[in-house]
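2 protein chains.
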Amino acid sequence: MAAKSKKNRADGAVIGLIQARAESKPEANLAKMEVMIRRAAGNGAQIICLQELFLTPYFCQAEDYACFQLAEPVPGPTTERLGRLARRLKVVLIAPLFERRARGIYHNTAAVIDADGRYLGKYRKMHIPDDPLFYEKFYFTPGDLGFRVWDTKYGRVGVLICWDQWYPEAARLAAMQGADILFYPTAIGWHPREKAALGRAQLEAWQMTQRAHAIANGCYVAAVNRVGLERSAGGGCLEFWGRSFVADPMGRLVAEAGADCEQVVLAEARFDEIEETRTHWPFFRDRRIDAYGGLKERFYPGG
Amino acid sequence: MAAKSKKNRADGAVIGLIQARAESKPEANLAKMEVMIRRAAGNGAQIICLQELFLTPYFCQAEDYACFQLAEPVPGPTTERLGRLARRLKVVLIAPLFERRARGIYHNTAAVIDADGRYLGKYRKMHIPDDPLFYEKFYFTPGDLGFRVWDTKYGRVGVLICWDQWYPEAARLAAMQGADILFYPTAIGWHPREKAALGRAQLEAWQMTQRAHAIANGCYVAAVNRVGLERSAGGGCLEFWGRSFVADPMGRLVAEAGADCEQVVLAEARFDEIEETRTHWPFFRDRRIDAYGGLKERFYPGG
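Chains as they are written, first to last, in numbering that gives the first Met the number 0: chain E, 0 to 302; chain G, 0 to 302.
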């Protein structure tokens, strides 16, 4: 317990986000990530988050039974290999993986590895999308571990995944566990045919929603997204829009990546900013917990 | 019920927001509002929302027992007078008032008046702030009517007030009742001494948070704020930042006022946009209502 309370006295952490283009083979993606993680660590990153399903192209563009072969146990071979790297570099790693849980049960998962290489646990994506070219409900069983945080060497982190971004409930429930930083590994992009009409609004909504989570909860939010045009065998095509970013507890952008380049995003999270912001904007103080019961409903009767 | 379902087939409504500087006397504010309401209606507004506590300067800059004399019953003399105007102009009016409920019990309230002049009901501000120069906890008993919507002639409206803006829970609970538009009458401004360092971030956070409510819930959001420098007898001073706005269900600004001018903001809410947006971004579909129980907690144990 002494060690844990010492950890929590850390006055900040350097976040590293790895924004990359997907290679076709898992080994190539893992090798690329190892290079980029080393670069991030060399530049001072302490908590490094990889993008959603970083080992593969975004295979959910089609419903293909063969893709289940891409899944692996978590913890498993990839977390073991990344654990060794984390220990060597003394960095925390958040590694989003396609988890094989049991025969016929799969999750969209993120593993959390501490800076001594130890596997701390995993988050299983709770909100699963299903839209044209994002056929995730076919692949992923909804998470059953709830919203979670972990005390790492460099701060208490919450991890949520992509579609969770649109749910203030998810951010709140992670922040209420004392997260200093909420990480959102992501795979979001444009349908090329929609981009001219809606592309800007979609990207702005995506960013604004997450910056609003930082504001509502007075904590840091770090989103990491892939880049590149990915074509699926089924004829689908998505242009992933990158723009990985870190927002501070007032929702200000403290770092932001481009839309089409591989990039290591670095940003400092200053934990005194969390206290300062929450003291001046004490939103937690005034939550009407006596009146929030309806949030457990789907929609109001007759509504 | 036939009439109600006919109402709900309306394909849109023109929103009017009245952004104004406060005069010192209630009668002067009411007279000014009547002029501006007529102007808004003359320009096509159908649902018109006034700013928070529109009858007075923002008296909460000081804790002054004498100010309780400013309160009135709701419904009461002001809603009766506005009801006649609403009927004459065939407009829905949302009128935020300082409500005297009983001896020693007061609320920060908004009355909803239909386009036939009928008083439909009231919302009592649920989240009450208390910051230097915003001493609302001294004046206002927290609302006990919950989060509400009303079917008006021109659409189903939810009403929330100012500090409620920072709570995604409030927006969600009103939207879950089928609100087409969430209205936020507001009195927010800068402490002049903070403006240079924090003013821009505060205003952006305020706007972003509410645009995020539009996105998360796929509905329109309309915020109306006062303008002007108000000095209190106690030596306080606030610069209200105006910038009243309407956001569409993708969070795009469809109208926005300046920071220091009296202004009638007009914007069309197109209800087909609500369905279109929610169909493409079906966030309600995937809410994990089985996992949201923690939202009724203050903060997690040990968190």
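For each residue, glycine too, the CB sits at the ideal point set by N, CA and C.
| query | result |
| --- | --- |
| So if I threshold CB-CB distances at 7 Å, which residues from the stretch 217-242 of chain G count as touching chain E? | none |
| Since tyrosine 122(E) contacts alanine 109(E) with CB under 8 Å, what's their CB separation in whole angstroms? | 5 Å |
| Can you find a C-beta in chain G that's less than 7 Å from the C-beta of isoleucine 214(E)? | yes |
| For threonine 208(G) and chain E, any beta-carbon pair shorter than 7 Å? | yes |
| Can you tell which of Tyr299(G), Glu62(G), Ile273(G) has the C-alpha that lies nearest to the C-alpha of alanine 232(G)? | Glu62(G) |
| Which whole-angstrom value describes the C-beta separation of glycine 42(G) and valine 263(G), a residue pair presumed to lie in contact below a C-beta threshold of 8 Å? | As written in the sequence, residue 42(G) is asparagine, which differs from the glycine given in the question. Indeed, because the Cβ distance is near 7 Å, the residues count as touching under 8 Å. |
| Is the beta carbon of isoleucine 14(G) closer than 7 Å to that of alanine 266(G)? | yes |
| Could you give the distance in angstroms between the alpha-carbon of glutamine 45(G) and the alpha-carbon of glycine 227(E)? | 46 Å |
| Taking all protein chains shown into account, do 16 or more other C-beta atoms lie within 10 angstroms of the C-beta of arginine 284(G), making it buried, or fewer, making it exposed? | exposed |
| Quick check on asparagine 7(E): does DSSP put it in helix, strand or coil? | Its pLDDT being 45, under 50, asparagine 7(E) is placed unreliably by the model, and nothing is read from it. |
| Between the C-alpha atoms of arginine 100(E) and tyrosine 57(E), what's the straight-line distance to the nearest angstrom? | 20 Å |
| Find the residues of chain E that neighbour methionine 250(G), judging by a C-beta separation of less than 9 Å, and give them in chain order. | In the sequence as presented, methionine is not what sits at residue 250(G); that position holds glycine. Ala200, Glu203, Ala204, Met207, Thr208, listed in chain order. |
| Along the stretch 103-117 of chain E, what residues have a CB closer than 9 Å to any CB found in chain G? | none |
| What would DSSP say about proline 167(E), mapped onto helix, strand or coil? | helix |
| I need the straight-line Cα distance from threonine 55(G) to proline 25(G), nearest angstrom please. | 5 Å |
| Along chain G, which residues have their Cβ under 7 Å away from the Cβ of isoleucine 180(E)? | Correct list: empty, because the minimum Cβ distance to chain G is about 15 Å. |
| Would the stretch 269-288 of chain E count as touching the stretch 208-228 of chain G if we require 3 or more Cβ pairs under 8 Å? | no |
| Measure the Cβ-Cβ separation of isoleucine 160(E) and glutamate 51(E) and say whether it is below 7 Å. | yes |
| Which ranges does the beta strand (DSSP E) cover as unbroken runs of at least 3 residues, wholly within the stretch 64-104 of chain E, from first to last along the chain? | 91-101 |
| Could you check the C-alpha separation between isoleucine 47(E) and leucine 16(E) for me, to the nearest Å? | 6 Å |
| What residue range is occupied by the uninterrupted alpha helix (DSSP H) comprising isoleucine 288(G)? | Here isoleucine 288(G) belongs to no alpha helix (DSSP H), and DSSP marks it neither H nor E. |
| Indicate whether alanine 256(E) and arginine 242(E) have their beta-carbon atoms separated by less than 7 Å. | yes |
| Taking the straight line between their C-alpha atoms, what separation do you get for isoleucine 36(G) and threonine 77(G)? | 14 Å |
| Cβ of tryptophan 149(E) less than 7 Å from any chain G Cβ? | no |
| Hey, could you find the ends of the alpha helix (DSSP H) glutamine 206(E) is sitting in? | 194-216 |
| With a Cβ-Cβ cutoff of 7 Å, do phenylalanine 146(E) and leucine 172(E) count as a contact? | yes |
| Using a cut-off of 9 Å between C-beta atoms, extract the partners of aspartate 63(E) located in chain G. | The premise fails here: aspartate 63(E) is roughly 22 Å from chain G at the closest Cβ pair, so nothing lies under 9 Å. |
| According to the Cβ coordinates, are lysine 124(E) and glycine 103(E) closer than 7 Å? | no |
| Hey, is glutamine 18(E)'s beta-carbon within less than 7 Å of any beta-carbon in chain G? | no |
| Could you tell me if glutamine 68(G) is buried or exposed, where buried requires 16 or more neighbouring beta carbons within 10 angstroms of its beta carbon? | exposed |
| What's the C-alpha gap between alanine 85(E) and isoleucine 93(E)? | 10 Å |
| Decide if valine 34(G) is buried, meaning its Cβ has at least 16 other Cβ atoms within 10 Å, or exposed. | exposed |
| Name the chain G residues whose beta carbon is nearer than 7 Å to that of arginine 364(E)? | Nothing about residue 364(E) can be read from this structure; chain E reaches only from 0 to 302. |
| Are there 16 or more other CB atoms within 10 angstroms of the CB of threonine 185(E), so buried, or fewer, so exposed? | buried |
| Skipping 5 residues on each side, what residues in its chain have a beta carbon closer than 7 Å to that of methionine 0(G)? | Low local confidence applies: a pLDDT of 31 at methionine 0(G) is under 50, so the model's placement there is unreliable, with the coordinate-based value given in what follows. For methionine 0(G), where only same-chain residues beyond five positions count, there are no Cβ hits under 7 Å. |
| Alpha carbon to alpha carbon, how far is isoleucine 214(E) from alanine 204(G)? Give it in angstroms, no decimals. | 7 Å |
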